[in-house]
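Quick notes on the structure that follows.
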Amino acid sequence: MIIGIPKEIKTLENRVAMTPGAVETLVRQGHTLLVEAGAGLGSGLSDEEYAAAGAKMVTAAEAWGAQMVIKVKEPLESEFGFLRKDLILFTYLHLAAAGSLTRALLKAGTIGIAYETVTLPDGSLPLLTPMSEVAGRMATQVGAHYLEKNQGGRGMLLGGVPGVAPASVVVIGGGVVGTNAARIAVGMGAQVTILDLSHRRLQYLDDIFQGRVTTMASTEPNIRAAIQSADLVIGAVLVPGAKAPKLVTREMLPTMKEGSVIVDVAVDQGGCVETIKATTHDNPVYTVDGVVHYGVANMPGAVPRTSTFALVNQTLPYAMRIARDGMGALKKDPGLALGLNTFEGKLTCPAVGQALGIDS
Ligand code: NAD
């Protein structure tokens, strides 16, 4: 198959859909890789590395002319002209929030396979997980940074020092983000509490952390008590398909310590902290009632090199199967078939249809 890798054009998007190593794997399997010149630069991957891996370095139009285009972000309006009927587009699409893109894909008849709806038999979303792992680990790192005095925080070292108590980190939601956040916090020597609604999840966390975290049921009184003594609160809840519940309310905020920090990773689903609003890497924090709020909705964007490799680790096996079997790959794997959002002018993802009021 001829596979195109265009450069991402969304503002501040520095990830790239395939690394030179992934290109080499696909080329060895007999595929032709057309990589747009400069596509990897934001992730520290040079054109020379891609060329050495067997890619042909091309223009954007040439990359988009391939049979399958693999990307990171959804096409922007300036790319709509590249959409066509015989094109397989494999990327994050997030169509439920993108009416004009959905219409453009349907009008062109493009086969749109969305990373975010590819599903494993246990219901987990393997192509979303790597970004949650990155965001979770980053949440603690970012929180530790904003706890520094000159960043507006309490002036505390997360791990303390001999003779001085470490900071208290409260993680609300113990899924992929929460577990990764807790892992780094434990590693830095903080006192860590994780709250989740799922008892099974708490059992798992209790088991893997071997007594190095406190687990608590996520009830209103428990959250209220935990955040009062917290130095860093990390919001990491997800209710699939819904907005995040507001678990830390406006009224609870004055009970928190002056200079404490909230990193609400769930901000992309509206946030689980009532006072959180989406911020950007340019201007990531603001303060309410003396509590520093961090609400960057695309945290992995700050570490594009790690994020690119983490994403490609998960997407390459699917890309290899689509390249080998075309649409037959979706027939063989029902979980990959759930990634199909648009096909020959029809919407094939009911959730997107419902969100946009289009028949699917
Ligand atoms: P996940 O499904 O792995 O985990 C969510 C956890 O929240 C589950 O364990 C669930 O039981 C728990 N939960 C649900 N309701 C709860 C409640 N009321 N109290 C406590 N726990 C509750 O999801 P994830 O991959 O960890 O993602 C978490 C959030 O982070 C999502 O909103 C996701 O979109 C977001 N995210 C944001 C970024 C970013 O850059 N800001 C990056 C990746 C993921």
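Under the working numbering, the residues of the sequence shown are numbered 77 to 436, in order.
No residue lacks a Cβ here, since even glycine has one placed at the ideal position from N, Cα and C.
Computed from a predicted structure; not experimentally measured.
Straight across, the Cα-Cα distance linking G263 with I146 is about 36 angstroms. Taking 8 angstroms as the cut-off, the beta carbon of L223 is found no closer than this to the beta carbon of M214. By the CB criterion at 8 angstroms, A266 and G235 fall inside the cutoff. Leaving aside the five residues that flank V337 on each side, the residues in its chain whose CB is nearer than 6 angstroms to its CB run, in chain order, G219, Y222, L223, G229, L308 and V368.
Excluding sequence positions up to five before and after V245, its CB lies within less than 6 angstroms of the CB of A261, A266, V268 and L308, all in the same chain and listed in chain order. In this structure L203 is in contact with T391, their Cβ atoms being roughly 6 angstroms apart against a cut-off of 8 angstroms. About 5 angstroms separates the beta carbons of S119 and V92, which is inside the 8 angstroms limit, making them a contact pair. Taking C-beta atoms under 8 angstroms as the contact rule, S383 and V210 qualify, at a distance of about 5 angstroms.
Partner residues in the beta bridge of Y370, as assigned by DSSP, are V339 and V361. Put simply, the backbone Cα of L201 is about 5 angstroms away from that of T195. CA-CA distance, A115 to E84, rounds to 7 angstroms. Apart from the 5 residues on each side of it in sequence, K86 sits with its Cβ closer than 7 angstroms to the Cβ of K149 and L152 in its chain, given in chain order. As DSSP reads the structure, I146 sits in a beta bridge with F166.
The shortest C-alpha to C-alpha distance from G97 to any of E89, L88 and L109 is the one to L109. The three-state secondary structure of N226, taken from DSSP, is helix. Within a 10 Å sphere around the beta-carbon of P426 sit fewer than 16 other beta-carbons, which makes this residue exposed. When DSSP states are grouped into helix, strand and coil, G311 belongs to the strand group.
In the three-state DSSP reduction, E209 falls in the helix class (H, G or I). About 5 angstroms separates the CB atoms of G188 and N417; that is less than 8 angstroms, so the two are in contact.
Within 7 angstroms of the C-beta of L314 there is at least one heavy atom belonging to the ligand NAD.
Around the CB of P376, 16 or more other CB atoms lie within 10 Å, so the residue is classed as buried.
Rounded to the nearest whole angstrom, the C-alpha separation of R160 and A373 is 31 angstroms.
Apart from sequence neighbours up to five positions away, the residues of its chain that approach G415 with a beta-carbon distance below 6 angstroms are I189, A190, T193 and V194, ordered along the chain. For K322, the CB contacts under 6 angstroms within the same chain, skipping 5 residues up- and downstream, are E350 in chain order.
When distances are taken from the beta-carbon of G249 to the heavy atoms of the ligand NAD, the shortest one is below 7 angstroms. Residue pairing by DSSP places F419 opposite K422 in a beta bridge.
Comparing alpha-carbon positions, the option among R276, Y168, P242 and I303 lying closest to V388 turns out to be Y168. Taken through DSSP and simplified to helix, strand or coil, Q286 comes out as coil. Counted as a single uninterrupted DSSP element, the stretch harbouring K353 is not any alpha helix (DSSP H), since DSSP gives it neither H nor E. DSSP, read as helix, strand or coil, puts D435 in coil.
Sorting M77, E89 and A139 by C-alpha distance to the C-alpha of A378 places E89 at the top.
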